[in-house]
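Participant:
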Amino acid sequence: VSRVLLGRDGRAQGVALRDGTEVRSRVVLSNASPQLTFLELTPREQLPKDFIQRIQQIDTCSPVTKINVAVDRLPSFLAAPNARDDRPLPHHQCSIHLNCESSELLHRAFAEASDGRPSSRYLPAPLTSGCWRRRCRGPVTLACARARPMIELCIPSVLDPGLAPRGCHVVSLFTQYTPPVLAGGRPWDQAARDAYADTVFDCIEAYAPGFKASVVGRDVLTPPDLERIFGLPGGNIFHGAMSLDQLYFARSAPAYSGYRCPVPGLYLCGSGAHPGGGVMGAAGRNAARVVLEDFKRL
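The following block contains the structure:
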């Protein structure tokens, strides 16, 4: 989509594609971010200045780096070792959070990223979490005990084996905290990406020995990469911070939290709309219900 088509009456009438094709419709729902929808796809002259200003002020700063990994075996965790036949266990079907034993760990990682450095410092120290001591069969020593990155690990190929060859898996890593721009104004280069990914893998290795040796491929997407590839402002997967000043009646902008916008017939249905991002799909469902109600009057 290159732009939203508007009629002489200011109503949305469809969209124009990059190849020039026009798709006409009485209703347009945008799953793109508010910034892309209203600042790039919709003619600005059709929008109130105060509305444009509100959209421009949305905080989209994101500390997330996404790492996609291909491995040649199923990760085996010290807290719950794999079965002898290496079949996936219930925890392999879940989202596994690492380096989240305390709020202090998360704060250290956040503070380091606030100074323009991705969570990547090393300080050998034993893991002292009570739950791990009870469940692990041996001592666990984490290679990066200070400012360790928060890691959310999922293995999609456990639920959909077709994603990887037999015996292999794909691992999705949602990690924090990484600054969009490194200290001194330096952009992310390949060396910085590799260094951060190595840190993340070192941390996973402490929980799941053998993980690093199982890696056969990886794709590291920093905040600037997420913005460039997927059109996410600031690399923010939620289209804007999920902070109190950008939730409920203030999402996507005050007075426009009901999925409608100043352009009749144009609706916002993505993460930038109430109640925000995640995998619940609530914004899309709510927007659809609003459209169905309005459609009765079109």
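One gets the numbering used here by counting positions in the sequence shown from 1 and adding 1162 to each. Using N, Cα and C, we set each Cβ at its ideal position, and we do this for glycine too. On a predicted model such as this, the values are computed, not experimentally measured, just so you know.
1. Could you give the distance in angstroms between the alpha-carbon of PRO1205 and the alpha-carbon of LEU1406?
2. Helix, strand or coil for LYS1374? Go by DSSP, reduced to three states.
3. Go ahead and pull the three-state DSSP assignment for VAL1362.
4. Can you name, in chain order, every residue of its own chain whose Cβ lies under 8 Å from the Cβ of GLN1208, other than the five neighbours on each side?
5. Compute the Euclidean distance between the alpha carbons of CYS1256 and CYS1316, then round it to the nearest angstrom.
6. Output needed for LEU1179: all residues of its chain with C-beta closer than 8 Å, excluding positions within five of it in sequence on either side, in chain order.
7. Fully enclosed by the region 1307-1347, which beta strand (DSSP E) runs are 3 residues long or longer?
8. Measuring alpha carbon to alpha carbon, tell me which residue in VAL1441, SER1282, ASP1221, SER1195 is nearest TYR1421.
9. What did DSSP end up calling THR1227 once you bin it into helix, strand or coil?
10. Thinking C-alpha only, which one of VAL1190, SER1187, ILE1220 is nearest ASN1398?
11. By a C-beta neighbour count over all protein chains shown, 10 Å radius and 16 as the cutoff for buried, is GLN1175 buried or exposed?
12. What first and last residue would you give for the beta strand (DSSP E) that runs through LEU1201?
13. Please state if the CB of ALA1232 and the CB of CYS1330 are separated by a distance shorter than 8 Å.
14. For VAL1189, I'd like the list of residues in its chain whose CB is within less than 6 Å of its CB, leaving aside the five on either flank, ordered along the chain.
15. Please classify PRO1349 as buried or exposed, where buried requires at least 16 other C-beta atoms within 10 Å of its C-beta.
16. Quick one: what's HIS1259 bridged to in DSSP?
17. Rounded to whole angstroms, what is the Cα-Cα separation between GLY1237 and VAL1377?
18. Quick one: give me the first and last residue of the beta strand (DSSP E) that ARG1170 is part of.
19. Considering just the uninterrupted stretch of the beta strand (DSSP E) at GLU1207, what are its terminal residues?
20. In the DSSP output, which residue or residues are listed as bridge partners for PHE1239?
21. Contact between the region 1319-1328 and the region 1267-1278: three or more CB pairs below 8 Å?
22. Which partner residues does ALA1178 have in the DSSP bridge list?
23. One question on the structure: do GLY1438 and ARG1413 come within less than 8 Å of each other, judged by their Cβ atoms?
24. Is it buried or exposed for PRO1243, if we count other Cβ within 10 angstroms and need 16 for buried?
25. Does DSSP classify TYR1388 as helix, strand or coil?
26. Check whether the Cβ atoms of GLN1408 and PRO1225 lie closer than 8 Å to each other.
27. Within its chain, find whatever has a CB closer than 6 Å to the CB of ALA1345; leave out the 5 residues flanking it on each side and keep chain order.
28. Let me check understanding here. Comparing Cα to Cα, which of GLY1347, VAL1333, ASP1360 lies closest to PRO1311?
Facilitator: Let's see:
1. Taking the first residue of the sequence shown as position 1, residue 1205 is located at position 43. Taking the first residue of the sequence shown as position 1, residue 1406 is located at position 244. Whole-angstrom Cα-Cα distance: 30 Å.
2. Residue numbering aside, residue 1374 sits at position 212 when the sequence shown is read from its first letter. Helix.
3. The residue given as residue 1362 occupies position 200 in the sequence shown. In the structure shown, VAL1362 sits in a helix (DSSP, three-state: H, G or I).
4. Looking up residue 1208 in the sequence shown gives position 46. So the qualifying residues of the chain are LEU1168, GLY1172, PRO1424, VAL1425.
5. Numbered from 1 along the sequence shown, position 94 holds the residue referred to as residue 1256. Numbered from 1 along the sequence shown, position 154 holds the residue referred to as residue 1316. For CYS1256 and CYS1316, the distance between alpha carbons rounds to 7 Å.
6. Position 17 of the sequence shown, counting from 1, holds the residue named residue 1179. Once the five neighbours on either side are set aside, the close Cβ partners of LEU1179 are VAL1163, SER1164, VAL1185.
7. 1312-1316, 1331-1338
8. In the sequence shown, residue 1421 corresponds to position 259, counting from 1. Ranking the options by Cα distance to TYR1421, first place goes to SER1195.
9. As a working mapping, residue 1227 is identified with position 65 in the sequence shown. Reduced to three states, the DSSP call for THR1227 is strand.
10. Working through the sequence shown from its first residue, we reach residue 1398 at position 236. When only C-alpha atoms are compared, the closest one is ILE1220.
11. As a position in the sequence shown, residue 1175 is number 13, starting the count at 1. When all chains shown are included, GLN1175 counts as buried.
12. Position 39 of the sequence shown, counting from 1, holds the residue named residue 1201. It is not in any beta strand (DSSP E) - LEU1201 carries neither H nor E in the DSSP assignment.
13. To locate residue 1330, count along the sequence shown from 1; it is residue 168. To locate residue 1232, count along the sequence shown from 1; it is residue 70. Contact: yes.
14. Counted from its first residue, the sequence shown places residue 1189 at position 27. Excluding sequence neighbours, VAL1189 sits near GLY1427, VAL1453.
15. For the purposes of this step, residue 1349 is taken as residue 187 along the sequence shown, with counting starting at 1. With fewer than 16 other Cβ atoms within 10 Å, it is exposed.
16. On the sequence shown, residue 1259 is found 97 positions in, with the first residue counted as 1. In DSSP, HIS1259 forms a bridge with GLU1314.
17. Residue mapping note: residue 1237 aligns to position 75 of the sequence shown, counting from 1. Residue mapping note: residue 1377 aligns to position 215 of the sequence shown, counting from 1. The question names Gly, but residue 1237 is Pro in the sequence shown. Their backbone Cα atoms lie some 10 Å apart in a straight line.
18. Locating residue 1170 in the sequence shown gives position 8, where the first residue counts as 1. Segment: none, ARG1170 is in no beta strand (DSSP E) and carries neither H nor E.
19. What you label residue 1207 is simply residue 45 of the sequence shown in a count that begins at 1. Taken as a continuous stretch (DSSP letters only), GLU1207 belongs to no beta strand (DSSP E), as it is neither H nor E.
20. Indexing the sequence shown from 1 puts residue 1239 at position 77. The partner list for PHE1239 (beta bridge, DSSP) reads ALA1242.
21. no
22. What you label residue 1178 is simply residue 16 of the sequence shown in a count that begins at 1. In DSSP, ALA1178 forms a bridge with ARG1165, GLU1184.
23. As a position in the sequence shown, residue 1438 is number 276, starting the count at 1. As a position in the sequence shown, residue 1413 is number 251, starting the count at 1. Yes. Within cutoff.
24. Residue 1243 sits at position 81 when you count from the first residue of the sequence shown. Per the 10 Å Cβ criterion, exposed.
25. Here residue 1388 refers to the residue found at position 226 when the sequence shown is read from its first residue. Per the sequence shown, residue 1388 should be read as Leu rather than Tyr. Of the three classes helix, strand and coil, the one that applies to LEU1388 here is helix, per DSSP.
26. Reading the sequence shown from its first residue, position 246 is the one you call residue 1408. Reading the sequence shown from its first residue, position 63 is the one you call residue 1225. No. Outside cutoff.
27. As a working mapping, residue 1345 is identified with position 183 in the sequence shown. Hits under 6 Å: GLY1278, ARG1279.
28. Position 149 of the sequence shown, counted from the first residue, corresponds to residue 1311. If we check each option's Cα against that of PRO1311, ASP1360 comes out closest.
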